[in-house]
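Going down the list, the sequences are from chains A and B.
Going by the numbering used here, the first sequence opens with residue 812, and the numbers climb by one from there.
Going by the numbering used here, the second sequence opens with residue 7, and the numbers climb by one from there.
Backbone N, C-alpha and C fix where the C-beta goes; we use that ideal spot for every residue, glycine too.
Computed from a predicted model, the values in this text were never measured in an experiment.
What follows is a short report on a single structure.
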Amino acid sequence: MSKPKKIWITDTTLRDGDHAMSHKYTVEQVRQVAQALDEAGVPVIEVSHGDGLGGSSMQYGFSVDEEDRYLRAAAEVIQHGRMAFLLIPGIGTHKEIQKAAKIGAKIARVATHCTEADISEQHIKMAKDLGLDVHTFLMMSHMTPPEQLAGQAKLMESYGADCIYVVDSAGAQLVDQARERVRALRAALDPKTEVGFHAHNNLGLAVGNSLVAIEEGAVRIDGSTCGLGAGAGNTQTEAMVAVLDRMGIESGIDLFKIMDVAENVVYPIIRQRHVPRIDRGSLTIGYAGVYSTFLLFAERAAAKFGVSSRDILIELGKRKMVGGQEDMIIDVAVELAASKKGSPAQTAATPAA
Amino acid sequence: MESQKVKVAIIGSGNIGSDLMFKLRRSKLLELTWMVGAVPDSDGLRRARELGYKTTHKGIDELMEHPDDFAMAFDATTAHAHARHAELLKAAGKIAIDLTPAAIGPYVVPVVNLDKYLDHQNVNLVTCGGQATIPMVNAVSRVAPVKYAEIVSTVASRSAGPGTRQNIDEFTETTARGLSEVGGAHEGKAIIILNPADPPIIMRNTVYVSIDKDADREAIKGSIEEMVAEVQRYVPGYHLKSPPIFDEDRVMIMLEVEGAGDYLPKFSGNLDIMTSAAVRVAEGFATHLNKKGAAGRTVSQESRA
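This is the structure we're talking about:
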């Protein structure tokens, strides 16, 4: 292994963490967390609805406040690091990119499903034209083989992406799967294009897979304080910082400060709501290869339609649902409820009104 | 009555144009005369030739030299090309049925607002997601006030062509506008998702409509069912996945749209609903023209003979 000197962490407590918060962050909380992360030396701080800008919706859940206000609050307090936002083409549009750039975002993170990179061309080019750095996501990357994934990464590179992430949205990748994917991207891309890795801890492999990604040449790693994110959460920022520190790899983040951010700032916000952990639901997600964000939706649908959330998640995995298809959770729950009663879907859905 | 048919041309011999051609073969009101393409040996033009239609690869200019051959033209090219086509067609007094995102004319969803625009010369078909979901939003808004409507269209990756992919914002923005302008919601939002599963998934649409907590759910349900039946008259594969699901201040409507499999595969209900709606719109115009006792160039040669 060739050990890098420095790894850049993007903290997504205020974006992937928004899923675990069910989009209930207040503007004041976003301000507090952004400020604390910035003071701890986090180089990139991502702020967005969990499903990216424009994600506030009936499909994914409404944020309690307005997008602009969250972005402004964070932009005002970030002094040392850079603010990033997520945008998923098909959900958010060029208007949101323009808005975020105006407010002060410096990095656009543009995400597509791992086989659909070509829908990001318009957004990557626009973000580059606005002077932003562009980091792109190939989501649910366990669903496509390494060579194909590298082909999709090449497309994003050709549109102007500065860094391309292997994103394990389902937290489903085994160690070798993560390794092969990062290796394939690293081999295919121009040496100047960076590779990143975004993990979910559903199988307990988030920090480990992030380290494997670093071994294979990834220089950007996503983390989240308290691991706050969809499913069992993300690579825990403070744990990652400690590990890098012990390995002698620089992250620019002050270990004790980031520990305190997690303990004193973030944990008090989330403990009333949802602290992600490897439980039956999130483990099922990792095992079945389902989009981590489906966790809380599946639990709500299970309660509403009187079926098991594990059954819903397993079925969603079988149907090869991709990120963003939250409506299918209801669809599957309705069908499972109907088959449980041995009657057509008709009778199952109506009384749930 | 063959002689009563109104003559039409298709501009754009790609997938959409080819599917239109097959659908027009069944129409009792429309007679396809020309298939206009841009590439000499394209599959679409070859197929059209084999079926006995006049073809050209020289674009609209050649078609415009035969004004007696058509009263209406379907435009299945691009927004950019349609801007020019629209002017030529207008100058020649032809009706343009625009399947591109150009939206020079008003948005039309046949079951909702076609009657309003029968004297217009250019109408636009919104988007595939719009054709699938706007009828549902309208079904609710005609019986209850709708502050907000949101739709999620999920289509098979294989049925999303390069045009859609290069400008996916056009889909979300145009569809959202259609939800309010045609659907009758105060505000609209649209989301599109591509799913690469193999075998390909059938087009799915979920429509969320915000309603008052004490809205008349039975009336809404009835109106939705009626509307589904109306759409099914031209898109037989259009159906509810389950009855509407009411939840406090909203109703969730889940639809599946299976294509007719004329030229495009059945899973691409997204493309089928566009071509089906376009034919339906053209038939609406044809009926209107016939009613007006249209003379001269708007009616086919045979009827004058």
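Would you decide whether residue i is buried or exposed? Buried here means 16 or more other CB atoms lie within 10 Å of its CB.
i: Arg997/A; result: buried
i: Ala938/A; result: buried
i: Gln137/B; result: buried
i: Ala97/B; result: exposed
i: Arg55/B; result: exposed
i: Gln238/B; result: exposed
i: Phe873/A; result: exposed
i: Glu839/A; result: exposed
i: Ser1150/A; result: exposed
i: Met1058/A; result: exposed
i: Glu232/B; result: exposed
i: Glu1109/A; result: The amino acid at residue 1109/A is misidentified as Glu; the sequence shows Ala. Buried, since its Cβ has 16 or more Cβ neighbours within 10 Å.
i: Asp979/A; result: buried
i: His953/A; result: buried
i: Met894/A; result: buried
i: Lys153/B; result: exposed
Which stretch, first to last residue, makes up the beta strand (DSSP E) that contains residue i?
i: Ile16/B; result: Val12 to Ile17
i: Ala171/B; result: The sequence shown places Arg at residue 171/B, not Ala. First-last for Arg171/B: Pro168 to Gln172, but that is the alpha helix (DSSP H), not the beta strand (DSSP E).
i: Val257/B; result: Arg256 to Val263
i: Asn211/B; result: Met209 to Ser216
i: Ala102/B; result: Ile101 to Asp104
i: Ile251/B; result: Ile251 to Asp253
i: Leu246/B; result: Tyr244 to Leu246
Tell me where the alpha helix (DSSP H) around residue i begins and ends.
i: His934/A; result: Glu932 to Asp940
i: Glu156/B; result: That residue, Glu156/B, is in no alpha helix (DSSP H); its beta strand (DSSP E) goes Tyr154 to Ala162.
i: Cys134/B; result: Cys134 to Ser147
i: Lys195/B; result: No alpha helix (DSSP H) holds Lys195/B; the beta strand (DSSP E) holding it covers Glu193 to Asn201.
i: His830/A; result: Asp827 to Ala831
i: Asn130/B; result: Taken as a continuous stretch (DSSP letters only), Asn130/B belongs to no alpha helix (DSSP H), being part of the beta strand (DSSP E) at Asn128 to Asn130.
i: Phe291/B; result: Gly275 to Lys297
i: Tyr1078/A; result: Tyr1078 to Ile1081
i: Ala116/B; result: This sequence places Pro at residue 116/B; Ala is not what is there. Looking at the DSSP string, the run of the alpha helix (DSSP H) that includes Pro116/B is Pro116 to Asn119.
i: Arg239/B; result: Where Arg239/B is concerned, there is no enclosing alpha helix (DSSP H), given that its DSSP letter is neither H nor E.
Applying a beta-carbon distance threshold of less than 7 Å, which residues of chain B neighbour residue i?
i: Gln963/A; result: Residues of chain B passing the Cβ test: none, with the nearest at roughly 11 Å.
i: Pro900/A; result: Ile174
If we ignore side chains and look at the alpha-carbon of each, how far apart do residue i and residue j end up?
i: Tyr214/B; j: Ser1119/A; result: 24 Å
i: Gly1100/A; j: Asn128/B; result: 48 Å
i: Leu295/B; j: Tyr59/B; result: 23 Å
i: Ala77/B; j: Glu71/B; result: 13 Å
i: Ala1073/A; j: Asn1020/A; result: 22 Å
i: Leu200/B; j: Cys925/A; result: 11 Å
i: Ser931/A; j: Met142/B; result: 30 Å
i: Ile818/A; j: Met832/A; result: 28 Å
i: Leu30/B; j: Ser48/B; result: 20 Å
i: Gly1128/A; j: Asp1122/A; result: 10 Å
i: Thr837/A; j: Ala885/A; result: 12 Å
i: Asp25/B; j: Gly189/B; result: 26 Å
i: Ala912/A; j: Asp175/B; result: 18 Å
i: Ala1114/A; j: Asp973/A; result: 43 Å
i: His88/B; j: Lys100/B; result: 14 Å
i: Glu93/B; j: Leu36/B; result: 23 Å
i: Ala79/B; j: Ala162/B; result: 29 Å
i: Val1076/A; j: Glu1049/A; result: 13 Å
i: Ala983/A; j: Ile217/B; result: 39 Å
i: Arg256/B; j: Asp929/A; result: 34 Å
i: Ala1010/A; j: Ala85/B; result: 41 Å
Check the Cβ of residue i against every Cβ in chain B and list those closer than 8 Å, keeping chain order.
i: Gln870/A; result: Glu156, Val158, Ile197, Thr212 and Tyr214
i: Val875/A; result: What Val875/A touches in chain B: nothing, since even the nearest Cβ is about 16 Å away.
i: Thr904/A; result: Asp175, Thr178 and Glu179
i: Lys816/A; result: Residues of chain B passing the Cβ test: none, with the nearest at roughly 38 Å.
i: Asp1056/A; result: Residues of chain B passing the Cβ test: none, with the nearest at roughly 40 Å.
By the criterion of Cβ-Cβ separation under 8 Å, what are the contact partners of residue i in chain A?
i: Arg256/B; result: Met869
i: Ser229/B; result: Chain A residues near Ser229/B: none, gap ~16 Å exceeds 8 Å.
i: Ser163/B; result: Thr926 and Glu927
Against residue i, what residues of chain A qualify as contacts under a CB-to-CB distance less than 7 Å, listed in chain order?
i: Gln172/B; result: Glu932 and Gln933
What in chain A is Cβ-close to residue i, meaning under 9 Å?
i: Met209/B; result: None at all; the shortest Cβ gap to chain A is about 13 Å.
i: Ala203/B; result: Arg1130, Lys1131, Met1132 and Val1133
i: Leu200/B; result: Gly901, Thr923, His924, Thr926, Glu927, Ile930 and Val1133
Taking C-beta pairs closer than 9 Å, name the residues in chain B that residue i reaches, listed in chain order.
i: Asp940/A; result: Under the 9 Å cutoff, chain B gives no residues; its nearest Cβ is about 15 Å from Asp940/A.
Which residue spans inside the region 39-65 of chain B form an unbroken alpha helix (DSSP H) run of at least 4? 49-56
My parser needs the beta strand (DSSP E) runs of 3 or more residues fully inside the region 68-94 of chain B; what are they? 78-81
Could you name each continuous beta strand (DSSP E) segment of 3 residues or more that falls completely within the region 849-895 of chain A, going from the start of the chain to the end? 855-858
What runs of the alpha helix (DSSP H), each 4 residues or longer, lie entirely inside the region 896-977 of chain A? 905-914, 932-940 and 957-970
What alpha helix (DSSP H) runs, 4 residues minimum, are completely inside the region 1008-1075 of chain A? 1017-1026, 1048-1058 and 1066-1071
Contiguous alpha helix (DSSP H) assignments of at least 4 residues, all confined to the region 1080-1111 of chain A: 1091-1099
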